[in-house]
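Here is the structure we will look at, set down as structure tokens.
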Amino acid sequence: MIQIIPAIDLIDGRCVRLTRGDYAQKKVYDGSPVDMARSFADCGVARIHVVDLDGAKVGAPHNLRILEEIAKAVSCEIEWGGGIASDASLKSIFDAGATHAIVGSIAALQPEQFAQWLSQYGARMILGADVRDDRIAVRGWQDSSPLGIDDLVKRFLNLGLKECIATEISRDGTLLGPASALYIRLRRDFPTVSFTVSGGISTMNDIRALNALKLQKVIVGKALYENQITLKDIASWSQNASSPASM
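In terms of my numbering, the sequence shown is residues 240 to 486.
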């Protein structure tokens, strides 16, 4: 069964959701990020997706204290993205409790640096491939690179890349459904890489459809915060996914 990964996006230490990556279209949600992480972990999820939107914008981790508190509160994996632009920043998020690092801008703009991290940290490194108008977006989705997603994945295919989160920015935060065709093609063209669906998830029907397509992981954000997918849904799915009958 497809693995559901609930998302926490951070600005100034608070849970937010953007629409299509636009910082001007920000919605702030009540409840602390640590409490949200704890509620997700209590549902039995294996991993939580956390993005430091402040860090992504300025190019350096900004919400490390929140990461430390989340890591102390939960025992599941934490994949962290936003502002990872140097050896020091990468070390800081691992020291603060992240189990995996999501790197997008540096992979697109300084590929030799990401290649070095792949060699050093292996499967702890996740390629962040954020796509807008068929081009990779960088610097917190504020700018675009000339690369397409295939170009970016191919750069690291033979250098140990195991996992990639592919976000279709035009769908992100819209609840319009995922860009399923993109993920089907990526899985076909790059079978050795595990791709995570990101952007547009609206209901459990989207999850079921992705599962039927045999996709491996999916990030769920706004649908959870808007209660279109509930914690009960997540708990039920996680329980079924971990049962022997589903293996």
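All C-beta atoms, glycine included, are put in the ideal place defined by N, C-alpha and C.
Predicted, not measured: the structure shown is a model, and the values here were computed from it.
Less than 8 angstroms divides the Cβ of residue 322 from the Cβ of residue 298.
Within 10 angstroms of the beta-carbon of residue 286 lie 16 or more other beta-carbons, which makes it buried. Within its own chain, the residues whose Cβ lies closer than 8 angstroms to the Cβ of residue 358, once the five positions on either side in sequence are excluded, are 398, 399, listed in chain order. A distance below 6 angstroms between beta-carbons, with the five flanking residues on each side excluded, links residue 255 to the following residues of its chain, in chain order: 248, 265, 267.
Bridge partners of residue 437 according to DSSP: 406.
The beta carbons of residue 345 and residue 368 sit no closer together than 8 angstroms. Residue 318 carries a strand assignment under DSSP once its states are collapsed to helix, strand and coil. The beta strand (DSSP E) runs lying completely inside the segment 275-305 and spanning 3 residues or more are 286-291, given in chain order.
Residue 468 sits in coil when the DSSP states are folded into three classes, being neither helix nor strand. Note that the C-beta distance between residue 331 and residue 300 is below 8 angstroms.
Shown here, residue 242 sits in a strand according to DSSP, grouped into three states. Membership of residue 427 in any beta strand (DSSP E) is not indicated; the residue belongs instead to the alpha helix (DSSP H) covering 419-428. As computed with DSSP, residue 367 is found in a beta bridge with 404.
DSSP places residue 329 within a helical segment (H, G or I) once states are collapsed to three. For residue 412 and residue 295, the gap between their C-alpha atoms comes out near 17 angstroms. At a Cβ-Cβ threshold of 8 angstroms, residue 435 and residue 458 count as neighbours. Annotation: the continuous alpha helix (DSSP H) that includes residue 352 extends over 350-360. Here residue 381 carries a coil assignment [DSSP, helix/strand/coil]. Per DSSP, reduced to three states, the secondary structure at residue 323 is coil, with no helix or strand assignment. Of the candidates 252, 370, 281, the residue whose Cα lies closest to the Cα of residue 475 is 281.
Non-local C-beta neighbours of residue 468 in its own chain, meaning closer than 7 angstroms and more than five positions away in sequence, comprise 442, 443, 459, 462, ordered along the chain.
Nearest neighbour of residue 456 by Cα position, chosen from 279, 403, 471, turns out to be 403.
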